[in-house]
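Novice: Okay, handing you the structure first.
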Amino acid sequence: MSDTRKILIIGASRGIGLGLTREFAGRGWHVVASERTPSDGLRDAAQSHENAVEIVTVDVTKPDTYQGLSSKFGEGTLDAIIVNAGITGASHQSAEQATDDEIAHVMQTNAYGPVRVGKALLPLLKDGGTLAFMSSLMGSIADSSGAYEFYRVSKVGLNMLAKGISEQQAKERKIEVLSLHPGWVQTDMGGPNASITVAESCTGLADVVEKAGGGGYHFVDYTGEAIAF
Ligand code: NAP
16 MSDTRKILII GASRGIGLGL TREFAGRGWH VVASERTPSD GLRDAAQSHE
66 NAVEIVTVDV TKPDTYQGLS SKFGEGTLDA IIVNAGITGA SHQSAEQATD
116 DEIAHVMQTN AYGPVRVGKA LLPLLKDGGT LAFMSSLMGS IADSSGAYEF
166 YRVSKVGLNM LAKGISEQQA KERKIEVLSL HPGWVQTDMG GPNASITVAE
216 SCTGLADVVE KAGGGGYHFV DYTGEAIAF
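Each number in the numbering used here corresponds to the 1-based position in the sequence shown with 15 added.
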């Protein structure tokens, strides 16, 4: 049996997800990376890391796109899963202006969708593996100064649901559940003025995931520093 570690990264077409794909493949992991529509960046990563990157198609809001992954890869075959997909939500970011559709879209994409993916794919993880969700410091109630009302609530919801998976499903299999804050990162979402590059964030995030494995639930940033709920 191969001892190559295997990770599934959901939402890897660009930005942090693509950076994580490159980082883990560079560290010798086998990476299963998902896109919604064909991503040139992901194909480029697959070409640069021959046989280390496998591409699948997943939309976190559409369960029929990921339900087949369990039979494709088999139970207990993955060391880690990172559900990275996320959106900012409607640009006004205002609770008063929010329409029902806007609320549904951001909550499905950032909270319920990722957590449904995590629960559905949990059997793919080995006992003692790691299930990580890409959260944000903006999902910390303790840290909040308000604003970004849409995005913040979706990430608070994600953290709550992730802790629930830890308590209800992952604990008995010693699977560690993480809510990760990647830093403020130069991506389409973070913008060009963000404080760190994708490579800086992803090096740190990969270190955090590689060191995980003790079980429990942790909300941490890309340097491994704990973040208050
Ligand atoms: P990004 O450049 O906008 O990339 C977002 C990724 O999520 C893309 O791969 C996108 O795929 C995917 N995605 C969006 N909706 C999806 C869906 N329904 N199903 C599957 N994939 C979907 O953003 P990023 O900055 O890399 O952010 C990645 C994660 O980090 C997000 O969860 C974000 O909230 C979090 N985060 C980012 C920052 C930052 O400063 N950048 C800070 C804190 C937290 P498509 O290409 O198909 O749209």
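For each residue, glycine too, the CB sits at the ideal point set by N, CA and C.
Quick one: does the C-beta of N99 sit closer than 6 Å to a heavy atom of the ligand FMN?
Specialist: Annotation note on the ligand FMN: not contained in the displayed structure, which lists the ligand NAP as its ligands.
Novice: Return the residue from the list F148, D59, L35, A119 that minimises the CA-CA distance to A177.
Specialist: F148
Novice: Go through its chain and collect everything with a Cβ distance to R68's Cβ below 7 Å, but skip five positions before and after it.
Specialist: Position check: residue 68 holds Val in this sequence, whereas Arg was assumed. So the list reads T36, A40, V46, A48, A60, A61, once near-sequence residues are dropped.
Novice: Excluding the five sequence neighbours on either side, which residues of its own chain have a C-beta within less than 8 Å of the C-beta of M252, listed in chain order?
Specialist: Any property of residue 252 remains undetermined from this structure, which presents the chain solely from 16 to 244.
Novice: Is it true that the CB of P138 sits closer than 7 Å to the CB of V75?
Specialist: no
Novice: Beta-carbon within less than 7 Å of N125's beta-carbon, same chain only, minus the 5 sequence neighbours each way: which residues are those?
Specialist: G101, I102, S169, K170, L173
Novice: Per the DSSP calculation, Y232 is bridged to which residue(s)?
Specialist: V192
Novice: List the residues that DSSP assigns as beta-bridge partners of A241.
Specialist: V235
Novice: Expressed to the nearest angstrom, what Euclidean distance is found between the alpha-carbon atoms of G144 and K189?
Specialist: Those two C-alpha atoms are separated by around 7 Å.
Novice: I believe L136 touches I180 by the beta-carbon criterion, under 8 Å. Please report the beta-carbon distance rounded to the nearest angstrom.
Specialist: So it is not a contact: roughly 11 Å between Cβ atoms.
Novice: I'd like to check one pair, G56 with C217: are the Cβ atoms closer than 7 Å?
Specialist: no
Novice: Count the other CB atoms within 10 Å of the CB of Q201; is the residue buried (16 or more) or exposed (fewer)?
Specialist: buried
Novice: Any chance the CB of D55 is under 6 Å from a heavy atom of the ligand NAP?
Specialist: no
Novice: For E187 and chain C, any beta-carbon pair shorter than 7 Å?
Specialist: The question asks about chain C, but that chain is absent: this structure has only one protein chain.
Novice: Once the 5 residues before and after W199 are set aside, which same chain residues still bring their CB inside 7 Å of it?
Specialist: So the qualifying residues of the chain are G205, A209, S210, I211.
Novice: Between Q183, K186, V223, L23, which has its C-alpha nearest S194's C-alpha?
Specialist: V223
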